[in-house]
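Asker: Here it is: the structure, laid out below.
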Amino acid sequence: MAQQSLIYSFVARGTVILVEFTDFEGNFTSIAAQCLQKLPSSNDKFTYDCDGHTFSYLVENGFTYCVVAVDSTGSGRQILPMAFLERVKEDFNKRYGGGKAATAQANSLNKEFGPKLKEHMQYCMDHGDEISKLAKVKAQVSEVKGVMMGNIEKVLDRGGKIDVLVVETDILRSQAHGFRTQGTQIRRKMWFQNMKIKLIVLAIIIALILIITLSICGGFNCGK
0 MAQQSLIYSF
10 VARGTVILVE
20 FTDFEGNFTS
30 IAAQCLQKLP
40 SSNDKFTYDC
50 DGHTFSYLVE
60 NGFTYCVVAV
70 DSTGSGRQIL
80 PMAFLERVKE
90 DFNKRYGGGK
100 AATAQANSLN
110 KEFGPKLKEH
120 MQYCMDHGDE
130 ISKLAKVKAQ
140 VSEVKGVMMG
150 NIEKVLDRGG
160 KIDVLVVETD
170 ILRSQAHGFR
180 TQGTQIRRKM
190 WFQNMKIKLI
200 VLAIIIALIL
210 IITLSICGGF
220 NCGK
């Protein structure tokens, strides 16, 4: 992934920018503020490209976290900005969640939190490769989890159908021959078989997650 430069960031409540930071000059600050006016209020992530810059936004619980990056190409171009926004959101909520951020005036948190924005930007730029690697691990784990959960649902559905067949067979046999005990034994046997299948599938999921994590991270060295 091409290294990106994060050059401007802010945190806003609604359309009121509470804190912002940049070491650069340019019209990207006014563009970022203008985009803020047009963002939906629902929790979501947004990215816009304009004038050679990428504007990334994270909207959650009435607050908007923004970062501007020098535009780059490639499939991983959104990884670094979004990782930065997640870090800032977590830090900001720890410091101000349910507190002064709810009533703070425009730019009133610059002195307190402005240096933290700078610190988070520098960290993400210095650890871009680690952040990209960790994002790939998370994506692959999510993909494997989705596939395995789908397989589990199929197994459970198949098991349910088997149970139905066993019950129907039991009823027919009971009516015809009175073999209630045999039907109960069959159901118990199938239940144990289904449990074995579930445990095997769970073990496979855990093993795949560990294999993917270790292969991509080269051991337990992924950045946090």
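Each residue of the sequence shown is one higher than the last, beginning at 0 in numbering that gives the first Met the number 0.
Cβ atoms here follow ideal geometry from the backbone N, Cα and C, with glycine treated the same way.
1) Our contact map puts P80 next to L5 with C-beta atoms below 8 Å; I'd like the distance itself, whole angstroms only.
2) Which of the three DSSP states is assigned to H52 in this structure?
3) If you run the structure through DSSP and keep just helix, strand and coil, what is E59?
4) Hey, could you find the ends of the beta strand (DSSP E) S8 is sitting in?
5) Select from A11, L207, S40, L198 the residue whose C-alpha is nearest the C-alpha of N106.
6) Relative to the C-alpha of Q77, which candidate in Q104, D48, Y122 has its C-alpha closest?
7) Write down the C-beta distance between S55 and T46 rounded to the nearest angstrom, noting that I regard them as a contact closer than 8 Å.
8) Please determine, among E59, D90, K195, C34, the residue with the shortest C-alpha to C-alpha distance to H119.
9) Does DSSP classify A1 as helix, strand or coil?
10) Does L17 come out as helix, strand or coil in the three-state DSSP assignment?
11) Which term fits V15, buried or exposed, when burial requires 16 or more other beta carbons within 10 angstroms of its beta carbon?
12) Helix, strand or coil for D43, going by three-state DSSP, please let me know.
13) Taking buried to mean at least 16 other C-beta atoms within 10 Å of its own C-beta, is G51 buried or exposed?
14) Closest to Y7 by CA distance: which of A103, D70, Q192 is it?
Answerer: Reading from the atomic positions:
1) 7 Å
2) strand
3) strand
4) 5 to 12
5) A11
6) D48
7) 5 Å
8) D90
9) Confidence in A1 is poor, its pLDDT being 43 and thus under 50, which makes the residue's placement unreliable; the coordinate value appears in the next sentence. In the structure shown, A1 sits in coil (DSSP, three-state: anything other than H, G, I, E or B).
10) strand
11) exposed
12) strand
13) exposed
14) D70
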